[in-house]
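Step one of this worksheet: look at the structure below.
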Amino acid sequence: HCGGLLTSNSGSFSSPWYPKKYPTNVVCAWDIQVDSRARVKLTFEVIKLENFYNCPYDFIEIFDGPQSESSSLGRFCSSTTPVFTSSANRLTVVFQSDAIVTNVGFSASYEAVLQDENNTAQLSCWPHLFQVVIDRGYLQRLGYSSWDIHLNDKLCRPRVTGRYLIFNVPYGHCGTVRQESRGSLSYSNSVTGRTRGHPGRVVLRHRVPQLKFTCRVDGPSAVEVVPGENASYDVSISFLELPLSQHGENTGQHYASRRKEVFLQATLHSPNPSLRLFVDTCVASPDPSDFTTVKYDLIKQG
Numbered sequence: 001h002c003g004g005l006l007t008s009n010s011g012s013f014s015s016p017w018y019p020k021k022y023p024t025n026v027v028c029a030w031d032i033q034v035d036s037r038a039r040v041k042l043t044f045e046v047i048k049l050e051n052f053y054n055c056p057y058d059f060i061e062i063f064d065g066p067q068s069e070s071s072s073l074g075r076f077c078s079s080t081t082p083v084f085t086s087s088a089n090r091l092t093v094v095f096q097s098d099a100i101v102t103n104v105g106f107s108a109s110y111e112a113v114l115q116d117e118n119n120t121a122q123l124s125c126w127p128h129l130f131q132v133v134i135d136r137g138y139l140q141r142l143g144y145s146s147w148d149i150h151l152n153d154k155l156c157r158p159r160v161t162g163r164y165l166i167f168n169v170p171y172g173h174c175g176t177v178r179q180e181s182r183g184s185l186s187y188s189n190s191v192t193g194r195t196r197g198h199p200g201r202v203v204l205r206h207r208v209p210q211l212k213f214t215c216r217v218d219g220p221s222a223v224e225v226v227p228g229e230n231a232s233y234d235v236s237i238s239f240l241e242l243p244l245s246q247h248g249e250n251t252g253q254h255y256a257s258r259r260k261e262v263f264l265q266a267t268l269h270s271p272n273p274s275l276r277l278f279v280d281t282c283v284a285s286p287d288p289s290d291f292t293t294v295k296y297d298l299i300k301q302g
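Everything in the sequence shown is counted per the UniProt record's numbering, starting at 1 for the first residue and increasing by one.
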């Protein structure tokens, strides 16, 4: 048994059997609820899972509230130990393992953090996206409609939940501006709204004061984007066979004895739209030191 409802204002939990290897085929969900005037601050001390791009096998997933009602803040399986702060008083942590590989698992703790009534907006820079939480009362005091707020891209609008507006934006989307300086990358965006004058006057649209935000990351890594650590990219490689029908062949020993014609597909995965994938050779060989005796074409034309 794992998961459950956690209602204390502080506590800790871990994957099943931690620090021993967790079992296969488990799904655990921890619903963390603290005082209604507070937020949940979640800290991971250890994460050791089956690590694979996009975490399709074993993973931890965080939801900003009840799982069935909230959007996912991210899915994780690397050894990076992130810290999360919820936008309200609830946070859900889901852990899932598949049927094959297991590892040590994870250990995490949480605490209730009182909400600052003077804090008008909160920015969180997470591995693959940034989150902006804005107090609706603050916008209304400035004369803005909380129902007509967006980012640089007008199609990127917030999720409205209680007293807050929440933007969850992947890096490189919604008109986010990317800048590079001294080996570091920064992603910036602005919240835009409109104020209404007296009847018959023009509706003015401009940036909300003090709500331009920036997340900054450092150079490349093959793991993931972690603000203050490394930027993200990964490459997946697939060998694709032609369907048998294209060759008019039958299945059986005849096919098994033939040399199969395959295509190599390399895909670059990154939140940075400016990254490009290059290859330093047009042939492949089973011997990394000999590309002449036995070789296979990767690129014939192109």
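We put the CB at the ideal spot given by N, CA and C, even for glycine.
query                                                                                                      : result
Top-ranked residue by Cα proximity to Val83, from Val46, Ala29, Cys174 and Arg159                          : Val46
Local conformation of Arg207 per DSSP, three classes                                                       : With a pLDDT of only 49 at Arg207, under the threshold of 50, the placement of this residue in the model should not be trusted; the figure read from the coordinates follows. Note: Arg207 maps to strand in three-state DSSP.
Opposing strand residues paired with Trp30 [DSSP bridges]                                                  : Gly4 and Val93
Cβ pair count under 8 Å reaching 3, the segment 105-113 against the segment 162-176                        : no
Three CB pairs or more closer than 8 Å across the segment 71-88 and the segment 128-140                    : yes
Val223 versus Val283 - alpha carbon distance                                                               : In this prediction, Val223 has a pLDDT of 27, which is less than 50 and means its spatial position is unreliable; nothing more can be read from the coordinates.
Buried or exposed (CB count within 10 angstroms, at least 16 for buried), Asn54                            : exposed
Reduced DSSP secondary structure (H/G/I, E/B, other) of Arg163                                             : coil
Alpha helix (DSSP H) segments (min. 4 residues) lying fully within the segment 32-58                       : none
CB of Ser190 within 8 Å of CB of Leu151, strictly                                                          : yes
Where the beta strand (DSSP E) containing Tyr144 begins and where it ends                                  : Neither: Tyr144 is in no beta strand (DSSP E) and is coded neither H nor E.
Where Arg75 falls: helix, strand or coil (DSSP)                                                            : strand
Burial state of Ile100, where buried means 16 or more other Cβ atoms lie within 10 Å                       : exposed
Beta-carbon proximity check, Phe44 vs Phe106, cutoff 8 Å                                                   : yes
Beta-bridge partners of Pro170, as assigned by DSSP                                                        : Leu129
Backbone CA spacing between Asp148 and Gly3 [nearest angstrom]                                             : 39 Å
Residues near Asn9 by beta carbon distance below 8 Å, same chain, minus five either side                   : Val34, Asp35, Ala38, Glu111 and Ala112
Beta-carbon spacing of Leu6, Ala108 below 8 Å                                                              : no
Option in Gly137, Pro170 and Thr161 with minimal Cα separation from Asp153                                 : Pro170
Of the residues Ser188, Val93, Val26 and Glu180, the one placed nearest Phe13, counting alpha carbons only : Val93
Cβ neighbour criterion (16 or more within 10 Å) applied to Thr292                                          : exposed
Cβ-based neighbour list, Thr85, same chain, cut-off 6 Å, excluding 5 preceding and 5 following             : Arg39 and Lys41
Span separating the alpha-carbon of Thr102 from that of Phe52                                              : 13 Å
Burial state of Leu155 (16 or more Cβ within 10 Å)                                                         : exposed
Anticipated Cβ contact below 8 Å, Asp98 with Pro66, distance rounded                                       : At roughly 25 Å, the Cβ-Cβ gap does not stay under 8 Å, so Asp98 and Pro66 are not in contact.
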